[in-house]
Amino acid sequence: DIQMTQSPSSPSASVGDRVTITCQASQDITNYLNWYQQKPGKAPKLLIYDASNLETGVPSRFSGNGSGTDFTFSISSLQPEDIATYFCQQYDNLPLTFGGGTKVEIK
Amino acid sequence: QLQLQESGPGLVKPSETLSLTCTVSGGSISSPNYFWGWIRQPPGKGLEWIGSLYYSGSAYYSPSLKSRVTISVDTSKNQFSLRLSSVTATDTAVYYCARHGPARRGRSLTLFNYWGQGTLVTVSS
Numbered sequence: 058d059i060q061m062t063q064s065p066s067s068p069s070a071s072v073g074d075r076v077t078i079t080c081q082a083s084q085d086i087t088n089y090l091n092w093y094q095q096k097p098g099k100a101p102k103l104l105i106y107d108a109s110n111l112e113t114g115v116p117s118r119f120s121g122n123g124s125g126t127d128f129t130f131s132i133s134s135l136q137p138e139d140i141a142t143y144f145c146q147q148y149d150n151l152p153l154t155f156g157g158g159t160k161v162e163i164k
Numbered sequence: 013q014l015q016l017q018e019s020g021p022g023l024v025k026p027s028e029t030l031s032l033t034c035t036v037s038g039g040s041i042s043s044p045n046y047f048w049g050w051i052r053q054p055p056g057k058g059l060e061w062i063g064s065l066y067y068s069g070s071a072y073y074s075p076s077l078k079s080r081v082t083i084s085v086d087t088s089k090n091q092f093s094l095r096l097s098s099v100t101a102t103d104t105a106v107y108y109c110a111r112h113g114p115a116r117r118g119r120s121l122t123l124f125n126y127w128g129q130g131t132l133v134t135v136s137s
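These protein sequence lines are chains A and B, in that order. For the first sequence, this note's numbering begins at 58 and goes up steadily by one. For the second sequence, this note's numbering begins at 13 and goes up steadily by one.
What follows is the structure, given as structure tokens:
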């Protein structure tokens, strides 16, 4: 199985700050990598697919980058509604696997 | 707008079989190029893919659960179902059904772009 490791585990930032989360795959997954946002009590929501493509309707302050084994997800200017847990997910190989999640909080 | 809704018992006894159904509305489960999947999330923990299937009945399962899981489809009802046998407390989780995006780049199982609201299943006597 491909292991997906996210860090930091729980970044704390102020409104307006830039927040960056990393996701590392245990082997090369090219860019078969998606990012999701999950708010408490809700289902995950797709934000980024294929490492860097913004899903339709997702605000442009969200972005993704990377290829191979190392990926980043960024929020350019943190907003209060961005408080959530973010997950990466690879689909290069089965089984599909997710990162452990990164909870973004307001300082 | 495509919608998915999970249904089934919220409490299952240890060693019994967990059974959930996902009802799809606003679209057809028989649409070509889309797989339908189940994902679970233990309380306070991360996401785990259980398995996915195509409307033809072709299915893929997570190896860690494969011996206990069956995912099936009923196209006449626009539903697909999950059965997980011999459950233990570690199977307690919120179970989500979801639809994959279209097959792309040589992969049939890709992103998940439509999700049900999730249903909590507790395994306890």
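Cβ atoms here follow ideal geometry from the backbone N, Cα and C, with glycine treated the same way. Every value quoted in this text rests on a predicted model; they were computed, and no experiment measured them.
Tell me whether the beta-carbon of residue i lies closer than 8 Å to the beta-carbon of residue j.
i	j	result
B:GLU13	B:THR35	Note that residue 13 of chain B is Gln in the sequence shown here, rather than Glu. Their beta carbons are not under 8 Å apart, which means B:GLN13 does not touch B:THR35 by this criterion.
B:THR131	B:LEU32	yes
B:ILE62	B:LEU94	yes
A:LEU135	A:PHE119	no
A:SER82	A:GLN147	The question names Ser, but residue 82 of chain A is Ala in the sequence shown. Contact flag set, yes.
B:LEU121	B:TYR72	yes
A:ILE78	A:THR159	yes
B:PHE124	B:ILE41	no
B:TRP50	B:TYR126	no
A:THR126	A:GLN84	yes
B:GLY128	A:ALA100	yes
A:ASN88	A:SER124	yes
B:ALA110	B:ASN45	no
A:GLY121	A:SER109	yes
Could you tell me whether any Cβ in chain B is nearer than 8 Å to the Cβ of residue i?
i	result
A:TYR148	yes
A:SER62	Before going further, note that residue 62 of chain A is Thr rather than Ser in the sequence given. It does not; no Cβ of chain B falls within 8 Å.
A:ALA100	yes
A:PHE155	yes
A:PHE130	no
A:ASN91	yes
A:PRO97	no
A:GLY158	yes
A:PRO65	no
A:TYR143	no
Less than 7 Å separating the Cβ of residue i from some heavy atom of the ligand SAM?
i	result
A:PRO137	Here there are no bound small molecules, and the ligand SAM is not part of this structure.
According to DSSP, residue i sits in a beta bridge with which residue or residues?
i	result
A:ASP127	A:GLN81 and A:SER124
B:ARG116	B:ARG119
B:SER84	B:SER93
B:GLY63	B:TRP50 and B:TYR73
B:SER79	Its beta-bridge partners do not exist; DSSP assigns none.
As a quick exercise: from the options, pick the residue whose alpha carbon is nearest that of residue i.
i	options	result
B:THR100	B:GLY22, B:SER19 and B:PRO26	B:PRO26
B:LYS57	B:PHE124, B:ALA105 and B:LEU123	B:ALA105
B:TYR66	B:LEU77, B:PHE47, B:SER40 and B:PRO75	B:PHE47
B:SER98	B:GLY128, B:SER136 and B:GLN129	B:SER136
A:GLU162	A:PRO152, A:GLU138, A:CYS80 and A:GLY98	A:GLU138
A:THR142	A:SER133, A:TRP92 and A:SER109	A:TRP92
B:ARG52	B:SER64, B:PRO44 and B:LYS89	B:SER64
A:PRO68	A:ASP58, A:PRO116 and A:ILE140	A:ILE140
A:PRO152	B:SER19, B:GLY22 and B:LYS78	B:LYS78
B:SER37	B:SER88, B:ARG119 and B:VAL133	B:SER88
A:ASP58	B:GLY20, B:PRO54 and B:PRO75	B:PRO75
B:THR134	B:PRO54, B:ARG119 and B:GLY118	B:PRO54
B:LEU23	B:ARG117, B:ASP103, B:SER68 and B:SER43	B:ASP103
I'd like to know whether the C-beta of residue i is nearer than 8 Å to at least one C-beta of chain A.
i	result
B:PRO55	no
B:ARG119	yes
B:PHE47	no
B:TYR66	no
B:THR122	yes
B:TRP127	yes
B:LEU96	no
B:PRO75	yes
I believe residue i touches residue j by the beta-carbon criterion, under 8 Å. Please report the beta-carbon distance rounded to the nearest angstrom.
i	j	result
A:GLN60	A:THR154	7 Å
B:VAL81	B:LEU96	6 Å
A:ILE14	A:VAL72	Nothing about residue 14 of chain A can be read from this structure; chain A reaches only from 58 to 164.
TODO: With 9 Å as the limit, tell me which residues of the region 110 to 123 of chain A have their beta carbon closer than that to any beta carbon of chain D; keep them in chain order.
DONE: The displayed structure is made up of protein chains A and B, and chain D is not among them.
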